[in-house]
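Chains as they are written, first to last, in this note's numbering: chain A, 417 to 729; chain B, 14 to 547.
Idealized CB from N, CA, C, for every residue including glycine.
Remember, it's a predicted structure, so these values are computed and weren't measured experimentally.
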Amino acid sequence: MLSHIARRLLAALPVMAFVALFVFGLLYLAPGDPAAIMAGDQATAADIARIRIALKLDDPFPIRFGNWVWSLLHGDLGLSLFTNQPVAAMIVQRLEPTYLLMLMTLVVSVTLALPIGVIAAWKHNTASDRAVMVFAVLSFSVPSFVVGYLLAFVFGLQLRWLPVQGYVPMSNGLWPAVRSLILPAVALGSVYIGLLARITRATMLEVLAQDYVRTARAKGAEERKILFKHALKNCSVPIITTIGSGVALLIGGAIVTETVFAIPGLGRLTVDAILRRDYPVIQGVILLFSFMYVLVNLLVDMLYTVFDPRIRY
Amino acid sequence: MNRRNFLKLSAQSAIFTQLAPFFTAPAHAAGKKELRYIPEADLNILDPVWSTSTIVQVYGHLVFDTLYGFDKDYNVHPQMAEGHTVSDDKLQWTIKLRDGLQFHDGQPVLAKDCVASINRWGKRDFMGAALLGVVDTMTAVDDRTLQFKLKKPFPLLPMTLATSGSNMPAIMPERIAMTSPTEQIRESIGSGPYRFAKEQWVSGSKAVFEKFAGYKPRNDAFAPTYTAGPKIAHFEKIVWNIIPDASTAAAALQAGEIDMIEMVGADFLPVLKADPNIRLLPRTTPNFAVMRFNHLQPPFNNPTIRRALLKAFDQRAIMSGTFGEENKEFWQSGVGFFSPDSPMTTTIGLEAFTSPRDVKKAAEEIKAAGYNGERVVVLDPVDYPWTHPCTLLAADTLKKVGLNVDIQAMDWGTLMQRRLSKEPADKGGWNVFLTALSGMSNFNPVGHIGLRGNGNDAWVGWPTAPRLEELRQQWLDAPDVATQKKICEEIQKQALIDVPYIPLGGFATVSGYRNNLTDIQLQRPLFFTMTAKG
């Protein structure tokens with residue numbers, strides 16, 4: 417197992433190298449000029465040219481890429497063109513809210529989606545099944561930012577139960593941090609809940625039709641036990657795969673959700689950096705996201721062995 | 014009570030205690046000692062000498078101070094300066110610094126710091142460059158005295174050192190001011206009433222300013238006004254929350270999670286207007302929508318065509334279409350080339366914008382001027398709430414006069430790069446784009462980049478207008494305000510001949526705030542007058 421993990425991590429290196437080259441090349445080709453944005457609306461061409469030289473933006477592609485890779489190999493992601501802050505420090509500043517938001521979203525989504533998916537399969541072709549399906553289609557179809565605005569309006573503005581924006585760091589207490597992320601997590605999770613519930617229902621329908629389930633029922637096993645112990649466990653591989661691949665969905669969704677709820681996370685950092693063409697920050701964040709995705713895939717593969725003992729590496 | 018019930022009750026109490034905050038509304042305010050404010054943009058540059066963006070200038074006025082300041086009527090008053098003397102031949106100015114000025118690192122403000130700061134600023138700012146152009150020597154005579162020896166009289170010296178709206182003549186420690194003017198400073202150490210808490214700064218999310226105990230406000234008889242007078246820090250802490258989404262910002266203000274929004278989105282003005290806990294404040298110095306031409310490429314390298322367009326553009330229709338008729342108290346039409354609240358404003362020639370529009374005649378004149386159906390590329394920045402509709406309205410007028418318009422949608426970052434191209438439209442160039450000039454930069458012809466006519470060295474669009482340049486220099490040399498005003502009338506007349514751009518109207522930045530805030534500065538979000546009650 418350990419050698420498998422080591423092999424997979426090694427295999428991630430060329431993937432990361434390709435991502436680095438791809439992102440750098442894409443940014444190089446993309447329109448927009450950080451020097452022009454930095455100089456401001458009222459700057460003259462001469463002002464902008466001076467800034468470009470000062471920031472070494474006029475250097476040819478191979479030199480810029482080489483310098484960046486060299487710094488990267490020394491563990492240095494560079495400095496933000498705008499704030500002059502180290503990119504690594506900016507990313508570390510933003511990790512907590514994004515990770516906590518993603519974790520809460522996963523918890524909320526899995527906690528809600530699995531039971532309703534199981535119930536829908538169990539009550540197949542009944543009103544409950546149809547209600548779950550309608551809910552799943554709706555939550556999958558309505559964009560998370562719309563859900564976010566609705567939640568903020570109802571629970572933030574009308575009921576005043578939860579804050580409409582912002583993030584309270586965990587250093588101020590776990591509960592305040594969690595409280596500030598409840599609405600964003602539900603908004604971000606809405607798409608995920610629909611997706612997971614549908615996958616769970618479909619897989620459960622298949623499993624519930626199998627002989628061993630019929631045998632368990634014939635033996636007089638409790639229905640709850642049949643559903644959640646025997647059947648659900650055997651559905652776990654496709655569900656875990658969906659959860660894993662859904663992390664990419666969460667990363668994309670976090671960008672929108674963090675903007676709507678003004679959460680200072682990696683998503684906001686990415687959007688801000690793209691809008692102002694802060695190349696080192698964009699490169700750093702995308703590398704991090706890629707690495708996260710590689711790790712999540714590895715974790716998913718490892719989890720297969722837990723839920724399905726037949727799988728061995 | 015048996016053991017089982019006791020444990021159950023204890024568990025319930027613990028759960029209730031944990032959940033209680035869930036069901037209660039958030040604390041209304043962090044107390045009147047802290048102001049929670051949403052600025053108009055993210056603060057990502059910390060050098061007010063280097064950047065002209067409004068947000069950096071507002072930051073600059075909190076953290077740094079200037080030798081002179083403007084009152085609300087734009088009269089100049091000493092600020093860090095105690096006062097000055099001028100020699101009889103007007104060629105020597107001696108400025109004495111106030112006693113007790115101190116930087117945020119605890120070091121005293123010395124005359125040598127001012128010399129270094131003005132030298133660096135003068136290489137970035139139009140007014141500063143004009144001043145340095147006439148300075149023979151600038152020296153620190155002693156710790157509190159700096160002296161300018163001039164090549165020729167420069168009566169605007171105090172006004173120049175009070176410049177607001179472009180690069181700020183911020184005074185900083187000499188070691189920081191020695192930074193190259195093309196690079197940003199790395200430390201945020203000024204001598205203003207608030208210290209920038211850099212350790213709490215999260216770019217894109219939060220900026221914190223703490224009251225600087227070492228700041229000594231002036232003892233002027235008058236109340237603080239714009240950038241002049243005793244700058245009193247009424248709040249212990251000012252927290253800028255960066256909320257880019259206009260809807261979320263408005264909701265946060267209504268929910269009492271923040272105290273003030275600098276720029277309310279036009280869509281949310283009616284909602285906030287109807288909320289009894291919220292007040293709206295249009296800033297007195299409006300921004301001006303302008304349509305800038307590329308003067309190097311056809312068809313707008315032809316002044317007759319540019320002049321003909323003046324007849325077609327309807328400022329009222331464009332402002333109404335962009336900002337809404339329901340918000341008409343926040344925009345204005347019939348504006349010329351100078352900010353209406355500037356002492357330099359003039360009504361001369363304004364009929365060019367206010368008389369009945371004549372699209373048909375404009376079309377005829379354009380045709381007669383030799384327009385050959387060249388493609389007119391209009392850059393359309395779709396990510397700014399007002400520029401997109403305003404651009405579409407302007408493009409519609411261009412179409413009505415018979416121009417072959419090609420609207421190209423892009424984000425602002427792309428536009429900023431694209432507009433630097435001097436190439437023809439089919440080689441990646443452009444013909445027209447819209448932007449806003451801040452009211453403060455339209456105050457006089459020196460800071461007014463849109464009126465520069467120095468060809469390739471001018472602002473993008475690169476007009477060549479020698480008469481405008483000549484008048485600008487005359488304004489700089491003018492002995493008094495009356496003469497300056499006269500020259501500005503000439504400038505406006507000349508601008509209607511050269512048409513470096515077309516003014517499309519003015520619009521105020523509308524701030525929204527909780528009704529417990531009082532005495533809010535009208536021109537800009539400077540926090541020296543504002544207090545909170547309750």
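Rounded separation between residue i and residue j - CA only
| i | j | result |
| --- | --- | --- |
| G460/B | G337/B | 30 Å |
| L80/B | Y239/B | 14 Å |
| P458/B | F301/B | 15 Å |
| K224/B | G82/B | 20 Å |
| Q105/B | Q160/B | 7 Å |
| Q70/B | S64/B | 8 Å |
| G386/B | L416/B | 6 Å |
| Y50/B | D449/A | 30 Å |
| L566/A | T658/A | 27 Å |
| V99/B | T173/B | 15 Å |
| F306/B | I379/B | 15 Å |
| D511/B | F350/B | 12 Å |
| M718/A | A470/A | 48 Å |
| I533/B | A521/B | 15 Å |
| P437/B | V154/B | 54 Å |
| I702/A | L285/B | 39 Å |
| R424/A | V653/A | 20 Å |
| T30/B | A427/A | Residue placement at T30/B is poorly supported in this model, since its pLDDT is 44, which falls under 50; the coordinates are not used for a value here. |
| R329/B | Q345/B | 7 Å |
| F281/B | V570/A | 17 Å |
| E95/B | K136/B | 25 Å |
Pair within 8 Å by beta-carbon distance, residue i and residue j
| i | j | result |
| --- | --- | --- |
| V221/B | K244/B | no |
| D138/B | N180/B | yes |
| V390/B | Q430/B | no |
| I515/B | F326/B | yes |
| G463/B | A478/B | no |
| D419/B | R370/B | no |
| V76/B | S216/B | no |
| L56/B | I331/B | no |
| L294/B | S524/B | yes |
Beta-carbon contacts of residue i that lie in its chain and below 6 Å, excluding the five residues immediately before and after
| i | result |
| --- | --- |
| Q213/B | V221 |
| N469/B | W475 |
| V435/A | S706 |
| T359/B | C501, E502 and Q505 |
| R296/B | A521 and T522 |
Status (buried if at least 16 other CB within 10 Å, exposed otherwise) for residue i
| i | result |
| --- | --- |
| F770/A | Residue 770/A lies beyond the range of chain A shown here (417 to 729); nothing can be said about it. |
| P91/B | buried |
| V508/A | exposed |
| E739/A | Nothing about residue 739/A can be reported from this structure: the residues present for chain A run from 417 to 729 only. |
| P394/B | buried |
| Q505/B | buried |
| Q536/B | buried |
| T686/A | buried |
| Y207/B | buried |
| H117/B | buried |
| R510/A | buried |
Beta-carbon contacts of residue i that lie in its chain and below 7 Å, excluding the five residues immediately before and after
| i | result |
| --- | --- |
| P34/B | Its pLDDT being 43, under 50, P34/B is placed unreliably in this model, and the value from its coordinates should be taken loosely. Closer than 7 Å at the Cβ level, and outside the excluded window around P34/B, lies no residue. |
| T521/A | A601, L604, G605, Y608 and L666 |
| K374/B | K324 |
| N650/A | V623 |
Per DSSP, cross-strand counterpart(s) of residue i
| i | result |
| --- | --- |
| G82/B | H90/B |
| A223/B | Rather than Ala, the amino acid found at residue 223/B in this sequence is Glu. DSSP output for E223/B lists R208/B and K250/B as bridge partner(s). |
| P516/B | V303/B |
| R388/B | N417/B |
| V563/A | None; V563/A has no bridge partner. |
| D155/B | T158/B |
| H308/B | Bridge partners of H308/B: none, in fact. |
| H97/B | I108/B |
| R527/B | I291/B |
Cβ shell of residue i (< 8 Å), same chain only, five flanking positions each side left out
| i | result |
| --- | --- |
| N254/B | R49, Y50, I51, S218, K219, A265 and I271 |
| E482/B | R465, G466 and N467 |
| F248/B | K45, K46, E47, L48, K224, F540, M543 and A545 |
| I698/A | V439, L443, T686, A689 and I690 |
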